[in-house]
Amino acid sequence: MKLLDRYIFRQFAASFLFASITFAALFTLITLVENLDDFFDRGVGISGIAWYYMLALPSTFQITAPVATLLASILTAGRLSASSELAAIRSAGASMSQLMRPYVLGGLLISGINLLNASFLEPAAAKEKISFEKQVLNQTRSGLHEGGNIHVIEPDNSIVTIESFDAKRLLASKVTIEQFSGSRLISRKDASRMLFDPAIDRWILQKAAIRSFGADPGEISFSTGNDTLNLLLSMQSLQELSLQPEEMNLIQHYQYVKEKMQAGFPGLDRARVKLHAKTALPLASLVIIFIGVPLSTVKKRSGLAAEIAIALFIGFLFLGMQKTVASLGYNGIIEPWIAAWLPIFLFIGAGALLYKKAAS
């Protein structure tokens, strides 16, 4: 790395660290004010509160990193421009691509750290944080399956419908299993309870009403009793429905979505958007540099406050866009990968235009 690159990189890194710490402190203070009464009502001590907010830091860093990166790039490039250092660098023959080199290196490092954070550190911290909220603060969250019956397609052309389940008791309630031959219903099993037996790795329908339908519409047989089933559906699959996407690391999340799609689970749009976001959002810190630096390379009369205001506006515009587009993906209006990547693509386009204008 050249001397000039090291000089710019150090300024950029210092600005990014300052911005990240400031945002983390601000977010912590805001949520602390909101939750302080709950902490005191539940008898949570200082150490418990400190632990809770330590667990929130990975997710706070993940959310605020693009804004902190943008702020750092605008402030660093803005200072170079305001002090005429940028003009001297450009007059010495440095191109825009050479000027961008230390910023891009910084963006790559931040994105790499963010990717590791989103893939492994943040899920582990989120799992502990959610457990703390349930056990200490008595708060509950909806899992990936939010209300309504669960419908699962089995490989033998059967549809399993479950109204509710209790993961601790290994119990599913109000179960219906319909088996088809083509489009014709050939059997239906109804039971108020279905238990999972870990010893034999099988589901057992208790006091099931079993109806078989022949080719003749009037040919129906009926029987009752327990029925042991060999289903692809496992208790682990049902237990995972109570998980938050934030609690799963990248590998677990990918396997979860893949298995549930193969098993025919409904309502996976939110989980799929979250999966794509775990790789898309970390790259925002790199992409957003191509907006921040070109914006600040032109010497302006505006002061530091204006530079900060521009950075915050663009940064929170990105976060707002990301949340809005993600909600469209959650509701199945657009494809999950588009919901996660569309803001990135739009900012890549804006960055390319600004970079081209600044380089000319």
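Here the sequence shown is numbered in UniProt numbering, starting from 1 and rising by one per residue. Every residue gets a Cβ at the ideal spot worked out from N, C-alpha and C, and that includes glycine.
Taking the C-alpha atoms as reference points, what is the distance between residue i and residue j?
i	j	result
Glu189	Asp156	Correcting the residue identity first, residue 189 is Lys in this sequence and not Glu. Lys189 and Asp156: Cα-Cα distance of roughly 15 Å.
Phe18	Ile150	48 Å
Ala306	Leu312	10 Å
Ala13	Trp341	26 Å
Phe40	Pro123	27 Å
Asp37	Gln135	17 Å
Arg202	Leu231	7 Å
Arg169	Met54	33 Å
Lys248	Thr64	Here residue 248 is Met; the residue named in the question, Lys, does not match the sequence. Cα to Cα, Met248 sits roughly 21 Å from Thr64.
Ala209	Leu115	51 Å
Gln62	Leu281	8 Å
Phe27	Glu34	11 Å
Ser97	Lys357	13 Å
Phe347	Thr297	18 Å
Glu128	Leu29	20 Å
Gly351	Val325	19 Å
Pro336	Glu178	30 Å
Ser73	Tyr103	7 Å
Phe318	Pro343	7 Å
Ile334	Ala172	33 Å
Ser95	Gly112	26 Å
Met194	Ala167	12 Å
Glu133	Glu154	36 Å
Ile130	Gly48	14 Å
Leu3	Lys278	35 Å
Ser84	Arg101	19 Å
Gly93	Thr60	40 Å
Anyone know if the C-beta pair for residue i and residue j falls short of 9 Å?
i	j	result
Ile308	Gly292	no
Ser285	Gly107	yes
Val152	Leu99	no
Ser192	Ser212	no
Asn226	Ile204	yes
Lys8	Leu80	Checking the displayed sequence, the identity of residue 8 turns out to be Ile instead of Lys. Contact: yes.
Tyr254	Leu275	yes
Pro266	Met235	no
Thr22	Ile288	no
Asp5	Leu105	yes
Pro58	Leu109	no
Leu75	Ser15	yes
Gly329	Arg272	yes
Phe165	Leu238	yes
Leu250	Ser91	no
residue 392	Ala126	The structure shown has nothing for residue 392, since the chain only spans 1 to 360.
What residues are listed by DSSP as bridge partners for residue i?
i	result
Asp197	Arg202
Glu178	Ile159, Arg188
Thr228	Ile204
Use the C-beta contact count for residue i: other C-beta atoms within 10 angstroms, 16 or more gives buried, fewer gives exposed.
i	result
Lys207	exposed
Arg270	buried
Asn117	buried
Gly349	exposed
Leu353	exposed
Tyr355	buried
Phe345	exposed
Arg10	exposed
Leu144	Below a pLDDT of 50, predicted positions are generally treated as unreliable, and Leu144, at 48, falls in that range; the measurement from the model is reported next regardless. Buried.
Gly320	exposed
Phe180	exposed
Gln262	exposed
Leu32	exposed
Glu163	exposed
Ala88	exposed
Arg86	Note that residue 86 is Leu in the sequence shown, not Arg. Leu86 comes out buried.
Ile310	buried
Leu295	buried
Thr228	exposed
Gly78	buried
Got a sec: is the Cβ-Cβ distance from residue i to anything in chain D below 9 Å?
i	result
Leu170	Protein chains in the displayed structure number just one, and chain D is not present.
Is the closest heavy atom of the ligand ZN to the C-beta of residue i under 8 Å?
i	result
Leu275	Summarising the ligand content, the structure contains no ligands, and the ligand ZN is consequently not present.
Checklist entry - What are the start and end residues of each continuous alpha helix (DSSP H) run of 4 or more residues lying completely inside the region 108-175, in chain order? => result 122-135
Item to check | Inside the region 2-86 only - alpha helix (DSSP H) runs reaching at least 4 residues | outcome: 3-41, 46-82
Item to check | Length at least 3, wholly inside the region 305-356: the beta strand (DSSP E) runs in chain order | outcome: none
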